[in-house]
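S.K.:
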Amino acid sequence: MVPIDKFKPENIERALEYIHAVLSLDQSRLKFVDEKSLKGAEIFNRKVRRDPITGEVPSIITDSDFRNTYTIIGLCGVDTSAPPFLFNLNQFTNDSEAFSIAVEEAIIAGFLKSGDILVMDNAAIHVFGENDVLVNFLWENFGIHVLMLPTRSPELNPIELLWQILVQQLKSINLDPSRYMQHRVAYQA
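One gets the working numbering by counting positions in the sequence shown from 1 and adding 4 to each.
Encoded structure:
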């Protein structure tokens with residue numbers, strides 16, 4: 005469903021300005037960030053296979069409530085000196101503190117470096133609450149620029165294309181939902 009104000013002239017103008025700005029930048033310095041909330045049933049595979057030798061079905065400890073919420077905070081980029089994708093999977097709903105921690109961990113891991121341009125939307129957890137100073141903090145302390153996506157334009161963030169692939173990968177590795185999860189994974193190309 006497309007928001008009614010997506011095609012307002014001022015939103016279209018901002019989207020074109022954004023595209024022009026991004027095309028004029030060093031593409032290897034662009035890093036995109038976003039978050040996705042999931043229900044436990046979306047990432048935990050409850051299917052088990054019978055052991056082909058013994059015929060037994062292994063018992064799997066599962067969370068009794070597959071309605072639990074999980075959050076993925078992911079970053080992606082095309083810099084050849086860093087992995088193309090980094091994400092955190094947490095067993096709680098997302099907030100501004102979790103978002104800022106994920107950004108700080110990306111800096112510590114070397115995914116975000118001085119001179120990079122972090123592109124994100126203007127969601128409340130990115131720029132309000134505890135993160136109302138995030139843009140200045142990243143610039144003053146790490147030399148990382150922040151570029152905001154235009155309003156109502158999530159399709160301009162390439163990480164949106166990665167969510168479905170990541171969720172399928174998480175489901176295929178049979179994560180154990182009975183353990184607290186805080187997975188940080190960097191995918192190498």
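Note that beta-carbon positions come from the ideal geometry of N, C-alpha and C, so glycine has one too. This one's a predicted model, so the numbers in the text were calculated from it and none came from an experiment.
Considering only residues of the same chain and omitting the five flanking positions on each side of D82, which have a CB-CB separation below 8 Å?
M.R.: As written in the sequence, residue 82 is Val, which differs from the Asp given in the question. So the qualifying residues of the chain are Q31, S32, L34, P88.
S.K.: Which residues bound the alpha helix (DSSP H) around V139?
M.R.: V139 -> alpha helix (DSSP H) spans 138–146.
S.K.: Would you decide whether E39 is buried or exposed? Buried here means 16 or more other CB atoms lie within 10 Å of its CB.
M.R.: Result: buried.
S.K.: So the candidates are A106, L160, I169; which of them puts its Cα closest to the Cα of H24?
M.R.: The shortest Cα separation from H24 among A106, L160, I169 belongs to L160.
S.K.: Can you check whether the C-beta of K40 is within less than 7 Å of a C-beta belonging to chain D?
M.R.: In summary, chain D is missing from the structure at hand, where a single protein chain is found.
S.K.: Can you tell me where the beta strand (DSSP E) holding F91 begins and where it ends?
M.R.: Its beta strand (DSSP E) spans residues 89–94.
S.K.: Using the Cα positions of I163 and I57, report the straight-line distance between them to the nearest angstrom.
M.R.: Roughly 42 Å between the two C-alpha positions.
S.K.: Determine the burial state of D9: buried for a count of at least 16 other Cβ atoms within 10 Å of its Cβ, exposed for fewer.
M.R.: With fewer than 16 Cβ atoms within 10 Å of its Cβ, D9 is classed as exposed.
S.K.: In whole angstroms, what separates the C-alpha of V37 from that of Q172?
M.R.: So the two alpha carbons sit approximately 19 Å from each other.
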